[in-house]
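Trainee:
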Amino acid sequence: MNKKIIFNLLQYYNIVILIYFTWNGLVFSNSLFILYSLIVIFMNLCVIYKEKINFFYQIKNKCTILLIPILFIISTYSSIFKENSLISSIKLLILTINILLWSCIYNKKEFFSMLSKYFVLSIFFCIIIAFFIPQLGLQYYEGEKLLRGVYNHKNILGRNMVLASIILLNFSYNYSKYWLGKLYKISGYLAIVLVICSKSFTSIILLSLFIILNRFIKVKRKKKWRFNKIIYGAIILANTLICIISTSNIVSILESIKVGSKDLTFSGRIFIWKFSLEYIKQKPFLGYGLNAFWSYINYKKTFFSLYGFSVSHSHNGYINLILDGGIIMFALIMLLIIKIMEFYKNKISDLYSLTIVISLGYILSENLFESCLVNSSTYIFWVVISYYYCLYKEE
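Residue numbers (full-length UniProt numbering): 1 to 395.
Have a look at this one:
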């Protein structure tokens, strides 16, 4: 069989891995897809061997990324919901191994091509399912029909599509094949439409900000302005505001102030953060295990009985990360992201580097109000972060 055909076929097998880990609206068997993932790992290794790629030389500086899922597996022993934590940790490990292999097989352009194809499939399937299988593609929220597509919540659709628009619109300019470049560009605009249709307030606001920032840098980068300070400043300012808002005094003030019927506690988020912080104090260093805390809380009906509603995450990725893996895991992942940002900030004139910085900036900002770093509903964010890390270590 032709070498190019085999390579393209393998890319689509790897795209199915992404689909499994991210299309939460569809039901897949864990055991079946773990088996499938292991088969694809073997196929990736075969390509590495066939292409005479120096595998051990390639990954020797990148293997640090494996420390995160391995530590999550170790933390399972002290997890409050061992089964859920172990399955999530094993899935994260398998996904991370695949990402390591992709970094050996695919260069920047090939990886972004694979990611773009995944997003194009996601966008079109979201639209198709919404029209033809509305019970899967639509979410009934407060008496209103909202789009969720292949995801299990409108907010997850929103945050996935913001990332899709950033990557597709930037990558379309860098693609040599005219028709594919046009397809990626059209899909990027469709992703923006889907964000609006999701009515995810956080995603719509961040989409607007990062499209403006992305365009601003692309127009001005030829003048060699140092935009990394703007990006860092925006992220630090947003984080600082959240830290201030999270304090008990400000919470009390916000809860007592009313502007019409507007909820100034961020749709109940501050209430959830206060609840989470009390539990963080009990296990600050190692946490409760990956995706274990909220599963356990809801399983024990704690939130139902006390407050009358359930949540699946903290609605703040930094708090959620400390709940899952403690301060140690939080420090590791934050250090990893900062290192990547620090490396690419001086290469902003390159379109790939711009995409990396903008998409990481978006992920860090989205993480203020949603949990998206290693959350099972948005593993695509982990794919992006991990590959950027592998790329940074390679360069």
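In this text, a Cβ means the ideal position worked out from N, Cα and C, and glycines have one as well.
#1: Quick check: what's the CA-CA separation for Gly-181 versus Ala-191?
#2: Excluding the 5 residues preceding and the 5 following Ile-363 in the sequence, name in chain order all residues of the same chain whose CB lies nearer than 6 Å to its CB.
#3: Helix, strand or coil for Lys-108 per DSSP?
#4: Please report the distance separating the alpha-carbon of Ile-127 from that of Gly-137.
#5: Would Ser-122 be called buried (16 or more neighbouring beta carbons within 10 Å of its own) or exposed?
#6: Assuming contact is defined by CB atoms lying nearer than 9 Å, are Tyr-318 and Tyr-388 in contact in what I supplied?
#7: By the DSSP assignment, the alpha helix (DSSP H) with Lys-274 in it spans what residues?
#8: From the DSSP secondary-structure annotation, give me the bridge partner or partners of Ile-145.
#9: Sorted by chain position, which residues of the same chain lie with C-beta nearer than 6 Å to Ser-252's C-beta, five sequence neighbours on each side aside?
#10: To the nearest whole angstrom, what separates the beta carbons of Cys-390 and Ile-65, a pair I think is in contact under 8 Å?
#11: If you draw a straight line from the alpha carbon of Val-47 to that of Val-16, how long is it in whole angstroms?
#12: Quick one: residues in its chain with C-beta nearer than 7 Å to the C-beta of Gln-58, no 5 flanking neighbours on either side, listed in chain order?
#13: Which residues bound the alpha helix (DSSP H) around Pro-284?
#14: Taking 9 Å as the cut-off, decide whether the C-beta atoms of Val-384 and Leu-169 are in contact.
#15: Using only the alpha-carbon positions, how far apart do Phe-7 and Trp-102 sit?
#16: Am I right that Thr-76 and Leu-86 are in contact with their C-beta atoms under 8 Å? What's the rounded C-beta distance?
#17: Taking the Cβ atom as the reference point for each residue, do Ile-99 and Ser-37 lie within a distance shorter than 9 Å?
#18: Tell me whether Lys-347, by its Cβ, gets closer than 8 Å to a heavy atom of the ligand SAH.
#19: Taking the Cβ atom as the reference point for each residue, do Asn-152 and Asn-61 lie within a distance shorter than 9 Å?
#20: Keeping to the same chain, check which residues put their C-beta closer than 6 Å to that of Phe-21; ignore five residues upstream and five downstream.
#21: Determine the DSSP secondary structure at Ala-292, reduced to helix, strand or coil.
#22: Tell me the DSSP secondary structure of Ile-244 in three-state form.
#23: Spatial neighbours of Lys-145 within its chain, please: C-beta separation below 6 Å, excluding the five flanking residues on both sides.
#24: Does the Cβ of Tyr-178 have 16 or more other Cβ atoms within 10 Å, making it buried, or fewer, making it exposed?
#25: Looking at the secondary structure, which residues open and close the alpha helix (DSSP H) in which Val-357 lies?
#26: If you follow the alpha helix (DSSP H) that Asn-170 is part of, which residue opens it and which one closes it?
#27: Between which residues of its own chain and Tyr-118 is the CB-CB distance below 6 Å, once the five residues before and five after are set aside?
Mentor: On the basis of the supplied data:
#1: Distance from the CA of Gly-181 to the CA of Ala-191, rounded to the nearest whole angstrom, comes to 15 Å.
#2: Apart from sequence neighbours up to five positions away, the residues of its chain that approach Ile-363 with a beta-carbon distance below 6 Å are Phe-381, ordered along the chain.
#3: Reduced to three states, the DSSP call for Lys-108 is helix.
#4: Going from the Cα of Ile-127 to the Cα of Gly-137 covers about 8 Å.
#5: That one is buried.
#6: For the 9 Å CB-CB criterion, Tyr-318 and Tyr-388 do not form a contact.
#7: Judged by DSSP secondary structure, Lys-274 falls within the alpha helix (DSSP H) whose first and last residues are 269-280.
#8: According to the sequence shown, residue 145 is Lys rather than Ile. Paired residues: Tyr-140.
#9: For Ser-252, the pLDDT reaches just 46, beneath the cut-off of 50, and the residue's location in the model is therefore unreliable, leaving the point undetermined.
#10: The Cβ separation is near 7 Å, so the contact holds.
#11: A straight-line Cα-Cα distance of about 17 Å links Val-47 and Val-16.
#12: The beta carbon of Gln-58 sits closer than 7 Å to those of Cys-104, all from its chain and outside the five residues before and after it, given in chain order.
#13: No alpha helix (DSSP H) contains Pro-284, which DSSP labels as neither H nor E.
#14: Result no, Cβ atoms of Val-384 and Leu-169 do not sit closer than 9 Å.
#15: Roughly 12 Å separates the two Cα atoms.
#16: Taking C-beta atoms under 8 Å as the contact rule, Thr-76 and Leu-86 qualify, at a distance of about 5 Å.
#17: Result no, Cβ atoms of Ile-99 and Ser-37 do not sit closer than 9 Å.
#18: With respect to the ligand SAH, the structure shown offers nothing to examine, as it has no ligands at all.
#19: Their beta carbons are not under 9 Å apart, which means Asn-152 does not touch Asn-61 by this criterion.
#20: Spatial neighbours of Phe-21 in its own chain (CB-CB distance under 6 Å, excluding positions within 5 residues in sequence) are listed in chain order as Leu-95 and Tyr-379.
#21: Assigned with DSSP and collapsed to three states, Ala-292 falls in coil, not helix or strand.
#22: Confidence in Ile-244 is poor, its pLDDT being 48 and thus under 50, which makes the residue's placement unreliable; the coordinate value appears in the next sentence. In the structure shown, Ile-244 sits in a helix (DSSP, three-state: H, G or I).
#23: Sequence-distant Cβ neighbours of Lys-145 in its own chain, meaning closer than 6 Å and more than five residues away, are Leu-138.
#24: A residue is called buried once 16 or more other Cβ atoms fall within 10 Å of its Cβ, and Tyr-178, having fewer, is exposed.
#25: Start and end: 351-366.
#26: Per DSSP, Asn-170 belongs to the alpha helix (DSSP H) from 154-172.
#27: For Tyr-118, where only same-chain residues beyond five positions count, the Cβ hits under 6 Å are Ile-15 and Leu-18.
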